[in-house]
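A.B. asks: Take any residue in the sequence shown, note its place counting from 1, add 93, and you have its number in this note's numbering.
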Amino acid sequence: MEADLTRRQLLRGTAAGAGLAVTAGLATPAAATAAPAAAAPSAEYDVVVVGSGAAGMTAALTAAKRGLSVVVLEKAPTFGGSAARSGAGIWIPNNQVLLAAGVPDTPAKAAQYLAAVVGPDVPAARQEAFLRHGPAMIAFVLANSPLRFRFMEGYSDYYPELPGGLPGGRSIEPDVLDGNLLGAELANLNLPYLATPPGLVVFSADYKWLNLALVNAKGAAVAAECLARGTAAALAGQKPLTMGQSLAAGLRVGLQRANVPVLLNTPLVDLNVENGAVTGVVVPQGLVRARRGVIVGSGGFEHNAAMRAQYQRQPIGTDWTVGAKENTGDGHRAGQRAGAALDLMDDAWWGPAIPTPGDPYFCLAERTLPGGLIVNQAGQRFVNEAAPYSDVVHTMYDRNPSAPDIPAWLIVDQNYRNRYLFRDIAPLLPFPDAWYAAGAVFKAATVQDLATRIGVPPAALKSTVDRFNGFARSGVDSEFHRGASAYDHYYTDPAVTPNSCLAPLWAAPYYALRLVPGDLGTKGGMRTDARARVLRPDGSVIRGLYAAGNASAAVMGHSYAGAGSTIGPAMTFGYIAANDV
94 MEADLTRRQL LRGTAAGAGL AVTAGLATPA AATAAPAAAA PSAEYDVVVV GSGAAGMTAA
154 LTAAKRGLSV VVLEKAPTFG GSAARSGAGI WIPNNQVLLA AGVPDTPAKA AQYLAAVVGP
214 DVPAARQEAF LRHGPAMIAF VLANSPLRFR FMEGYSDYYP ELPGGLPGGR SIEPDVLDGN
274 LLGAELANLN LPYLATPPGL VVFSADYKWL NLALVNAKGA AVAAECLARG TAAALAGQKP
334 LTMGQSLAAG LRVGLQRANV PVLLNTPLVD LNVENGAVTG VVVPQGLVRA RRGVIVGSGG
394 FEHNAAMRAQ YQRQPIGTDW TVGAKENTGD GHRAGQRAGA ALDLMDDAWW GPAIPTPGDP
454 YFCLAERTLP GGLIVNQAGQ RFVNEAAPYS DVVHTMYDRN PSAPDIPAWL IVDQNYRNRY
514 LFRDIAPLLP FPDAWYAAGA VFKAATVQDL ATRIGVPPAA LKSTVDRFNG FARSGVDSEF
574 HRGASAYDHY YTDPAVTPNS CLAPLWAAPY YALRLVPGDL GTKGGMRTDA RARVLRPDGS
634 VIRGLYAAGN ASAAVMGHSY AGAGSTIGPA MTFGYIAAND V
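#1: Would you say LEU340 reaches chain B, if we count a Cβ-Cβ gap shorter than 8 Å as a contact?
#2: Considering only the beta carbon of each residue, do GLY295 and THR324 sit closer than 8 Å?
#3: When you compare each of TYR251, ALA314 and LEU344 to LEU274 by their alpha carbons, which one comes out closest?
#4: Give the range of the alpha helix (DSSP H) segment to which ARG510 is assigned.
#5: Where are the beta strand (DSSP E) runs, 3 residues long or more, that stay fully inside the segment 330-373, in chain order?
#6: Should ALA203 and ASN187 be called a contact, given that it needs their Cβ atoms to be closer than 8 Å?
#7: Using a Cβ-Cβ cutoff of less than 7 Å, which residues in the same chain neighbour GLN220 once the five nearest sequence positions on both sides are dropped?
#8: Just to confirm my understanding: we take LEU437, look at its own chain, exclude 5 residues before and 5 after, and list those with CB closer than 8 Å. What are they?
#9: Tell me whether ALA553 sits in a helix, a strand or coil according to DSSP, three-state version.
#10: Tell me, to the nearest whole angstrom, how far the beta carbon of ASP570 is from that of ALA625; I am working on the premise that it is less than 8 Å.
#11: Tell me the residue span of the beta strand (DSSP E) that contains THR615.
#12: With DSSP run on the structure shown, which of helix, strand or coil describes THR590?
#13: Output needed for PHE524: all residues of its chain with C-beta closer than 6 Å, excluding positions within five of it in sequence on either side, in chain order.
#14: Is PRO228 closer than 8 Å to ILE265 when the C-beta atoms are compared?
#15: Taking the CB atoms as reference points, tell me whether ALA293 and LEU320 lie closer together than 8 Å.
#16: Suppose the cutoff is 6 Å on Cβ atoms and the five residues either side in sequence are ignored; what does the same chain contact list for PRO453 look like?
#17: Which residue from ALA236, PRO256 and GLY390 puts its Cα closest to that of THR421?
#18: Rounded to whole angstroms, what's the CA-CA distance from LEU598 to PRO448? Just pull it up for me.
#19: Helix, strand or coil for LYS158 per DSSP?
#20: With distances taken Cα to Cα, identify the nearest neighbour of TYR513 among ILE409, GLY160, ASP586 and PRO256.
#21: According to DSSP, is TYR286 helix, strand or coil?
#22: Going by alpha carbons, who is nearest to PRO602 out of THR545, ARG566, THR621 and LYS536?
#23: When you compare the CB positions of ARG620 and ALA433, do they come within less than 8 Å of one another, or not?
#24: Indicate whether the contact test is met: 3 or more Cβ pairs, each with one atom in the segment 575-593 and one in the segment 364-372, closer than 8 Å.
#25: How do the segment 137-146 and the segment 308-322 stand: do at least 3 beta-carbon pairs fall below 8 Å, yes or no?
#26: Identify the continuous alpha helix (DSSP H) that holds VAL485 and give its terminal residues.
#27: Return the CA-CA distance between THR545 and PHE561, expressed in angstroms with no decimal places.
#28: Looking only at its chain, what residues have a beta carbon closer than 7 Å to the beta carbon of PRO253, apart from the 5 residues adjacent to it on each side?
#29: Among the residues of its own chain, which have a CB less than 8 Å from the CB of GLU246, if the five just before and after it don't count?
#30: Out of HIS487, VAL540 and ILE183, point me to the one whose CA is closest to GLY655's CA.
#31: So, at 6 Å on beta carbons, what are the nonlocal neighbours of PRO450 in its own chain, with the 5 sequence-adjacent residues on each side left out?
#32: Could you tell me the alpha carbon to alpha carbon distance between GLU137 and ALA398, rounded to whole angstroms?
#33: If I'm right that TYR584 touches LEU457 with Cβ under 8 Å, what's the distance once you round it to whole angstroms?
#34: Expressed to the nearest angstrom, what Euclidean distance is found between the alpha-carbon atoms of LEU356 and PRO591?
#35: Return yes when the Cβ of ALA152 is within less than 8 Å of the Cβ of ALA538, no when it is not.
#36: With a cut-off of 8 Å on the beta carbons, I'd call ASP268 and PRO360 a contact; round off their distance for me.
Pasting the structure below:
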């Protein structure tokens, strides 16, 4: 029995170190209802936006506030896309929220850092456009929607040691938003990837401390604060939304107030091209004409098995992603038919994932907390477990042909399980039976027996754990330098010394959790310029066609500057496109 009721009760408890389990989700809205609003074949607007994620809705709001007529076409029966499912970190250097919080950022620092992270993969003009327009986009959203934002204090840039990097971070997230503002449209909000229990109000920045609620005073205090926020909201008759739910809902309220229709169940079939220019969008109901341009924000292709097989390294599939299920590359393929060049198609917003039944679990804190290590099929470590999650998967793919590490294994002991939250499973509680049945987790009384269960050499795994334990006792990981970067210490336990990233494994039983290359979505897409205009392979502009978000090639190139490097650029280039169209 998986003890779901007991776990839920514990999730709501904050007293006596009960170990509050909260995930990167939020209060679940009512089940989505079908919204068969259809565009009339004769419909015509100044701007047609494809997709109602962060990129699409920001673009639509921007165009509407310019006085243009706008429609948003959404494939799904819900709005919000992958953004609504996310933790909704937003990486935008030098925005007013950061500066008001005293973050020591400057345009020069940001430009230096982004150039060091991205390298030559992305033209300097696109990098400059993102940094220049990002703060203005945040100011625009604050002025034209009910959204408010909070600084995610301490969430380091992912490479803070690079020139211009900030150990304190540059990421913000949405503040709590009352779902009542949406009215009946709340029922059409896409559900979160993981939902927190009813009665709690949780921000992404809380997650760091909630992992430690059983063993850390601040963790317990943050857990109590989450409950207090939920109680206050309930007493006020509110429907509190945070993270991706807040972001998507807030943008949608902005569109409601600007009288912008969002037509659900209206997928992109093709782009209408006349004399080399894109003049509209073909949907099942007919043609929706665009007098000034089409902005494609239709998301990635993470749920298109054929495209993943064509463009990405193996093994890959559609079962390891947490992106919205409607993201099947519709915009990419339509753009190609219109002549668009594609870039970065081999890459994604990667992260190690545990293939749990149902949705996979995108593994953040769990691989960084002290008392765990990752090994390959040979029972050996091959990476700094606390490195940025995209780097871990890049390493998995780079090494896999010669030193198989897909799947890899996260090895932890009972001491680890006694101390820390794991996904939504409180400390001391067992992993669900369904995880064992699915082969996502294995358990054994000794390290050697565990090795046998997962098919790695027992002597090698025992030697690796012994060596790792030595690093933990000394505080220095001489193999992979875990703990050398400030970023490594974000999801750790400050009570553990001399290195908060490292603790020995000593308490039976031992656990192995299967790790595969998961992702938040793909990052390759249509090639665009600094104005978000889509380009042909020869560099010429396809008139009337713009792209933003995961339908376009990422301004981050093959890297990841900090938390929110997906949503921050998506919103910014949606804003840029709508101001250019």
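We put the beta carbon where it would ideally sit given N, CA and C, even for glycine.
C.D. replies: According to the structure shown:
#1: This model lacks chain B altogether, as it is built from one protein chain only.
#2: This sequence places Val at residue 295; Gly is not what is there. No; because the gap between Cβ atoms is not below 8 Å, this pair is not in contact.
#3: Nearest C-alpha to LEU274: LEU344.
#4: In the DSSP assignment, ARG510 falls within the unbroken alpha helix (DSSP H) covering 507-512.
#5: Secondary structure remark: continuous beta strand (DSSP E) runs of at least 3 residues inside the segment 330-373, in chain order: 363-367.
#6: yes
#7: LEU207, ALA208, VAL211 and VAL648
#8: If the five residues before and after LEU437 are omitted, its C-beta is found closer than 8 Å to the C-beta atoms of ASP214, LYS616, GLY617, GLY618, ALA646, ALA647, GLY650 and HIS651, all from its own chain and listed in chain order.
#9: helix
#10: The pair is not a contact, with the Cβ atoms about 42 Å apart (cut-off 8 Å).
#11: 603-615
#12: In the structure shown, THR590 sits in coil (DSSP, three-state: anything other than H, G, I, E or B).
#13: Excluding the 5 residues flanking it on each side, PHE524 has same chain C-beta neighbours closer than 6 Å at VAL534, in chain order.
#14: Taking 8 Å as the Cβ cut-off, ILE265 and PRO228 do not qualify as a contacting pair.
#15: Before going further, note that residue 293 is Leu rather than Ala in the sequence given. In this structure, LEU293 places its C-beta atom within 8 Å of the C-beta atom of LEU320.
#16: TRP413, ALA446 and GLY611
#17: GLY390
#18: 24 Å
#19: helix
#20: ASP586
#21: Coil.
#22: In terms of CA proximity to PRO602, LYS536 leads the group THR545, ARG566, THR621 and LYS536.
#23: yes
#24: no
#25: no
#26: 482-492
#27: 19 Å
#28: LEU259, PRO260, SER578, ALA579 and TYR580
#29: ALA194, GLY261, GLY262 and ALA298
#30: ILE183
#31: ALA527 and ALA531
#32: 34 Å
#33: 6 Å
#34: 56 Å
#35: no
#36: Not confirmed; about 33 Å, so no contact.
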